[in-house]
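Report on the structure given below.
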Amino acid sequence: MREPAFWHRPPSWTSRFLMPLGALYGAVTARRMQRLGFDAGIPVLCVGNYHLGGAGKTPTVLALAKLLRDLGETPVVLSRGYGGKLRGPIMVDAQRHAAADVGDEPLMLARTVPVAVARDRIGGVALARSQGASVIVMDDGFQNPAIVKDGSLIVIDGSRGLGNACVFPAGPLRAPLDQQLDRTDALIVIGDGAAAGAVAAEVAARGRPVLSAHLKASDASVASLAGKRVLAFAGIGDPARFFRTLRANGIEVVAERAFADHHPFSIGEIETLIAEARRDGLTLVTTEKDLARLRSGEGLPSWAEDIVPFAVTLEFDDAAGLRKFVAERLFQVREKKFRRGN
């Protein structure tokens, strides 16, 4: 979906008109979040956000998976597979599956870390454990009570924050903020900006860690676009952040094309973008997640080979702080499960 503009403005008559629906939706979601979930038997770390739309969960999942491997763990990502037709449980095969099968985010993640896709999350847990997982990393699902979460790391964009801080459909929040804060174990603020300041202060006041992080472009991606004029397009939660990241790395963005999150690009749309770029002497560039939606089981089709992916990773300002939080949480969870079993 494409986020309504009024979600990111001060409360307006539109949001006020929708607030009764938001109150009903929020009450149902808040009550649902209180249900007891299934204990996976191994630690489950959830990467989520408070609101609809993008905030940087995918690079956070990749960073967390790398950290877990550095700690000697065997992480498996569990995803619902949004946008894919396969219900699962199934392990994603980046060489065989397409985004239409398993979703763009799982397909992108599977190039780095094992990913299980399952609409039934309990079935997904069983599959992940059969693959030797010592830790399950849930990609989204913070508001879903099906699985007990042993640690919830919530991602928020420093520039966008929570928009008008109203509950859907009056605003972008998935549930009332207080109930979500109660279940937050750590907050990750991505990028600069003061829009997340109030939420960060509230999380810190509750004694939970607040970690700052920034998206870092890969040297290879920057080098491949050095001195070139580009046409950038993206169908992610916040396309503007992608365009800002390009410019922050010294890349000359001449034209921008923003699409809705998870937009299923047609061949015609891509051909139009390619033609526009060629006409104006521009290089066509997009995100790795967008490029994943163009791949088939046989790889990238010939008509999309001129598109340059721009790769980024998430770097934490206090990497030691994140490592300490994760290591301590894993120890606490395992100690608790051991005592319960004895």
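Numbering-wise (UniProt numbering), the sequence shown opens with residue 1 and increments by one.
We put the beta carbon where it would ideally sit given N, CA and C, even for glycine.
Burial state of residue 338 (16 or more Cβ within 10 Å): exposed
Taking the C-alpha atoms as reference points, what is the distance between residue 245 and residue 217? 8 angstroms
Determine the DSSP secondary structure at residue 316, reduced to helix, strand or coil. strand
Just to confirm my understanding: we take residue 37, look at its own chain, exclude 5 residues before and 5 after, and list those with CB closer than 7 angstroms. What are they? 145, 146, 147, 148
Which residues bound the beta strand (DSSP E) around residue 233? 229-234
Residue 92: first and last residue of the uninterrupted beta strand (DSSP E) it sits in: Here residue 92 belongs to no beta strand (DSSP E), and DSSP marks it neither H nor E.
Out of 189, 179, 320, which one is the CA nearest neighbour of residue 32? 179
Would you call the stretch 126-141 and the stretch 162-180 touching, i.e. three or more CB-CB distances under 8 angstroms? no
Rounding to the nearest angstrom, what Cα-Cα distance links residue 311 and residue 305 in this structure? 16 angstroms
Does the Cβ-Cβ distance between residue 263 and residue 237 come in under 7 angstroms? no
Which one of 274, 101, 73, 210 has the shortest CA to CA distance from residue 331? 73
Beta-carbon separation (whole angstroms), residue 292 vs residue 5, contact threshold 8 angstroms: Actually they are not in contact, since the Cβ atoms of residue 292 and residue 5 sit about 27 angstroms apart, beyond 8 angstroms.
Between the Cα of residue 91 and the Cα atoms of 252, 77, 83, 229, which residue gives the shortest distance? 77
At 3 residues or longer, and completely inside the stretch 20-87: list those beta strand (DSSP E) runs for me, N to C. 44-48, 75-79
Given residue 30, which residues of its chain have a CB within under 8 angstroms of its CB, disregarding the five upstream and five downstream residues? 175, 176, 179
Proximity below 7 angstroms, CB of residue 345 to CB of residue 168: In the structure as shown, the chain starts at 1 and stops at 342, and residue 345 therefore has no counterpart that could be examined.
Which residues in the same chain have their Cβ closer than 6 angstroms to the Cβ of residue 125, if we skip the five residues on either side of it in sequence? 40
Find out if the Cβ-Cβ distance for the pair residue 84, residue 101 is shorter than 7 angstroms. yes
Start and end of the beta strand (DSSP E) containing residue 401? Absent from the structure is residue 401, since the part of the chain shown begins at 1 and ends at 342.
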